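Student:
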Amino acid sequence: MKKVGLAAFDDNKLRQYSELGQSLLQKKTNELTTQLQLFKSILLNFLKEHNEELSKDITLRNEFIKICQSVGIDPLQIYDKHDSKMNEFYFELCVRIIEFSNSMKDMNGGLLPVNEFLSSFKDLNITFKDVEISIGLLSALNDELKIIKIGSKHYIKNFNIELTNDQNMILETVGNIGFISVAILRDNFGWKSYRSQSILNEMISSGYLWLDDNNGELLYWDPAWITKS
917 MKKVGLAAFD DNKLRQYSEL GQSLLQKKTN ELTTQLQLFK SILLNFLKEH NEELSKDITL
977 RNEFIKICQS VGIDPLQIYD KHDSKMNEFY FELCVRIIEF SNSMKDMNGG LLPVNEFLSS
1037 FKDLNITFKD VEISIGLLSA LNDELKIIKI GSKHYIKNFN IELTNDQNMI LETVGNIGFI
1097 SVAILRDNFG WKSYRSQSIL NEMISSGYLW LDDNNGELLY WDPAWITKS
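The numbering of the sequence shown is the numbering used here, which starts it at 917 and goes up by one.
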C-alpha cells in the first residue's frame, strides 16, 4: 500500500527536515538579536548625545520612550547603564512622588490620582509615562508604590493591601461623579444597605473616602474632588 502524508517520509528524511527547520529558526533568531542589539546601541548613542534635551523636552522624551517600547526595549535598561541627565530627571521625580504621596496619605488613604500629581507639578513638564518610569524605578525599593487603574483613571497606590472588587466599584463611581451614597449603591448595583454601609465605613476609616452630612443624607466623597473645590 502506498503511504500518504507524513507516513510517506522515512524517519531519516523527517529528521533532516526537522534539523533544517531548526537551523533556519536559529539563524532568524540570531539575526533579530543582532538587529536588536544594534538598535539598542543606536538608542544609547542618541541618549548620550541628547540627554540634556531629553530631560527638558517633553515631546522628544515621549517619542524616545515610544521608540524604545515599540521594539521591546525597556527604557530603564538604557537609563540605568548610562550616567545622564535623564537619570537625574527620573530620580528627582522619584523623590517628588514619594514626598507628595506620603504627604497626601492622610487625606486620600494612599490612593493618589495620577492626574492630581501631574497638575501639582506642572512646572516639571512631566507626563504619565514619566510617572510610570519613576514608579518602575521605585518598585525595587518600595513594593507598596505602584500604578493601578480603576475604571478609566490611574492612581498611585501607596499601601500594600489589595483593594476588593466592591471597593474598586465604589472608587470607579466616585471617580466619575465625585461621591457615592447607600441609595446610589442600592439603586445602581442592587446592594443591601448593610453591605453598602459596611464597605463605606471601612473605606472611610482607611481614608479612601470622606463623609459629608448633606441635610441628613450621608454622602461619601472622593478626596480628590474635595480638594478641587
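Ideal Cβ positions, reconstructed from N, Cα and C, are used throughout, including at glycine. As the structure is a computational prediction, the values presented were derived from the model and not from experiment.
Report all residues from its chain with a CB closer than 6 Å to the CB of residue 1067; omit the five preceding and five following residues, and keep chain order.
Tutor: The residues are 1088 and 1091.
Student: Might you give, ordered along the chain, the residues of its own chain that have their beta carbon closer than 8 Å to the beta carbon of residue 1024, omitting 5 neighbours on each side?
Tutor: Residues of the same chain with a CB within less than 8 Å of the CB of residue 1024, apart from the 5 flanking positions on each side, are 1123, 1124, 1139 and 1140 in chain order.
Student: At the level of alpha carbons, what is the spacing between residue 1016 and residue 1127?
Tutor: 23 Å
Student: Report the three-state DSSP secondary structure of residue 1038 (helix, strand or coil).
Tutor: helix
Student: To test your reading of the DSSP string, which unbroken beta strand (DSSP E) runs of 3 or more residues are found completely within the stretch 1071 to 1135?
Tutor: Counting only runs of 3 or more, we get 1126 to 1130.
Student: For residue 1131, count the other beta carbons within 10 Å of its own beta carbon; 16 or more makes it buried, fewer makes it exposed. Which is it?
Tutor: exposed
Student: Rounded to whole angstroms, what's the CA-CA distance from residue 1109 to residue 1116? Just pull it up for me.
Tutor: The alpha-carbon separation between residue 1109 and residue 1116 amounts to approximately 10 Å.
Student: State yes or no: is the C-beta of residue 1074 within less than 8 Å of the C-beta of residue 1021?
Tutor: yes
Student: Take residue 976 as the anchor and find which of 1113, 1046, 1018 and 1029 has the nearest alpha-carbon.
Tutor: 1046
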